[in-house]
Structure formats: structure tokens, C-alpha cells
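A short write-up of the structure that comes next.
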Amino acid sequence: MNTLKVATFLLVAGLSIAHAETAALDPSAHRALAPVQEQSPCQTHQTRTGFTLPDPACSPGAINPTVSLEVLRDSLFTTRLLRDAVTSHREKEVLYARYGLEHPEHNRGKEQICELDHIVPLELGGADSLDNIFPMCDTRPVPFAERSFHLKDIVEHYLSWAVRSGQIPLETAQQDIAQDWTRHLNAALAACPQGRCPSWRGPALSALTEF
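Add 268 to the 1-based position in the sequence shown for this note's numbering, that's all there is to it.
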């Protein structure tokens, strides 16, 4: 979706001058958080608690610099404006091979073990580019709700709330989650009981629902 399509979408949705920054959003804008170093295969890293982190040389994370705090607070902003704007799902799937992983079969529902994860999530202004995506896999014998990609979703929603409510600067949240999302896990689980996070306005957000 290009800038013109975003503006058209917002006009249909009822654009006013209050939504001017969102209308100027460029879904293809991109800035890597660090230089990308081509290497194969990429090497994942483990935290002390056993969670997998991306290779910072291959997948440093990237942001969309046109997504400001004002855009994130705009009631008309949705991650659908950014999703698949730069790379298609098929293009994203090449990351399995780049990380030396087999593409998982039957990777749905409670059988899901991998997710093509946006390192800096779209709801925090992450870019839809390959340097901001990595195959997060979790084959530990744990319930689905405890798999790493599910827990990271809760962290993403927690940080989204914290940023939009003014508790954490947007840039700090972007850097933190790109470096090690687990540093906010305990706070997210405490703030988001049963996977539901507070919202800076309106009803609580579900950690499982794309907004």
C-alpha cells in the first residue's frame, strides 16, 4: 500500500485535519537500526531463559520513520496500512532457509511452532522489510500460550500501550524490543493478565488480536 493508497483509505474512513500525519504515512519507508551483514546461515542466539533471539548481523530490526507517536495515537491507524507493504509473505518465507531452518509443516493453530516475526512490531512503527523479520521458532514441550512468539505478542501490546500512554519513548521501545524483547516480559505479564493488555484509551487490547 503506497502513500496515495493510505490517503485514499483514510479519506474513505473519514479523514479530517486531525489525521493529517497518518495521511502522510509512507508504508514503504525504511530505516535499519544497524547495518545488515550478509552471511549464511544466520545464527540465532539464546537468552539465559531459553528464548531465541535473531542474529543481529542478519536481522538488526528496522523501523518506518514516518510512523510517529502521533500516528500511533491516531484512531485511524491500523497495522494493515503497513503489513505486506514492502515484502510479500512468499518473500518473507526465504528467511527460513537463510537461518538454516526447514519450513515447518502444519504450522497452524496449536500445532504452530514458528512465526515470521516482525522484530520491531508494526504497532510500534516497525518496517515490513526482511531485515526486520526473522523466523521465531519454539519447539519446547510447553503449552501453546507459553511459546515464545505468543509471549512476544504480549510484550508488543504492552509496549504499544506504554508508548501511546507516554510512559516509554517510542525510540526506546523500538531499540529495546529489537535488542532483547524478553527484558520487558515480566512487566508485560504483570500488566497484561491472561494476555489482555490495558489500552491508553477505550477497551483493553487482546494480545492475540491485530488492531
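Just so it is clear, CB atoms sit at the ideal spot from N, CA and C, and this is done for glycine as well.
* To do: Leaving out five residues on either side along the sequence, give the residues of the same chain with a beta carbon under 6 Å from the beta carbon of VAL304.
  => If you ignore the 5 residues before and after VAL304, its C-beta comes within less than 6 Å of the C-beta of ASP399, all in its own chain and listed in chain order.
Checklist line | Between the CA atoms of CYS326 and GLN307 - distance to the nearest angstrom | finding: Each residue's Cα considered, the two are about 7 Å apart.
**Prompt:** Roughly how many angstroms lie between the CA atoms of TRP429 and CYS465, to the nearest whole one?
**Reply:** Counting only the Cα atoms, CYS465 lies some 8 Å from TRP429.
- Item | The alpha helix (DSSP H) enclosing ASP444, as first and last residue numbers | Note, ASP444: alpha helix (DSSP H), 438-448.
Checklist entry - What residue ranges within the stretch 277-350 form continuous beta strand (DSSP E) runs of no fewer than 3 residues, ordered along the chain? => result If we require 3 residues or more, the stretch 277-350 turns out to have no beta strand (DSSP E) run fully inside it.
- Task: Counting only the same chain and skipping the five closest in sequence on each side, list residues whose C-beta sits under 7 Å from that of ILE381.
- Result: So the list reads PRO372, ASN375, CYS405, ASP406 and THR407, once near-sequence residues are dropped.
Open item on the list: Measuring alpha carbon to alpha carbon, tell me which residue in SER416, THR334 and SER397 is nearest ARG358.
Closed with: Closest by C-alpha distance to ARG358, out of SER416, THR334 and SER397, is SER397.
Helix, strand or coil, according to DSSP, for ILE482 in the structure here? Nothing about residue 482 can be reported from this structure: the residues present for the chain run from 269 to 479 only.
* **Cβ separation of GLY368 and PRO309, assumed to be a contact under 8 Å, to the nearest whole Å** => The pair is a contact, with the Cβ atoms about 3 Å apart (cut-off 8 Å).
Q) Which same chain residues, not among the five before or five after TYR364, have their C-beta less than 6 Å away from its C-beta? A) For TYR364, the CB contacts under 6 Å within the same chain, skipping 5 residues up- and downstream, are HIS371 and PRO403 in chain order.
Which class does ALA401 belong to by DSSP, given the choice of helix, strand or coil? At residue 401 the sequence reads Ile, which differs from the Ala that was named. The answer is strand: DSSP assigns ILE401 an E or B state.
- Between which two residues does the alpha helix (DSSP H) harbouring SER428 extend? Its alpha helix (DSSP H) spans residues 416-432.
**Assigned exposure category for ALA413 - 16 Cβ within 10 Å defines buried** = An exposed status is given to ALA413, since fewer than 16 other beta-carbon atoms sit within 10 Å of its beta-carbon.
### Query
Cα separation between LEU293 and LEU384?
Take the alpha-carbon of LEU293 and the one of LEU384: they are about 24 Å apart.
Does the Cβ-Cβ distance between ALA516 and ILE331 come in under 7 Å?
No statement about residue 516 is possible, as the shown extent of the chain runs from 269 to 479 and does not include it.
Span separating the alpha-carbon of ALA288 from that of GLN314
Taking the straight line joining both Cα atoms gives about 42 Å.
Based on the DSSP secondary-structure assignment, which residues constitute the bridge partners of GLY394?
DSSP lists ILE331 as the bridge partner or partners of GLY394.
Which same chain residues, not among the five before or five after ALA475, have their C-beta less than 7 Å away from its C-beta? Unreliable positioning characterises ALA475 in this predicted model, as indicated by a pLDDT of 40, which lies under 50. A coordinate reading is not provided.
Bridge-paired residues (DSSP) for HIS386 = In the DSSP output, where bridge partners are listed per residue, HIS386 has ILE401.
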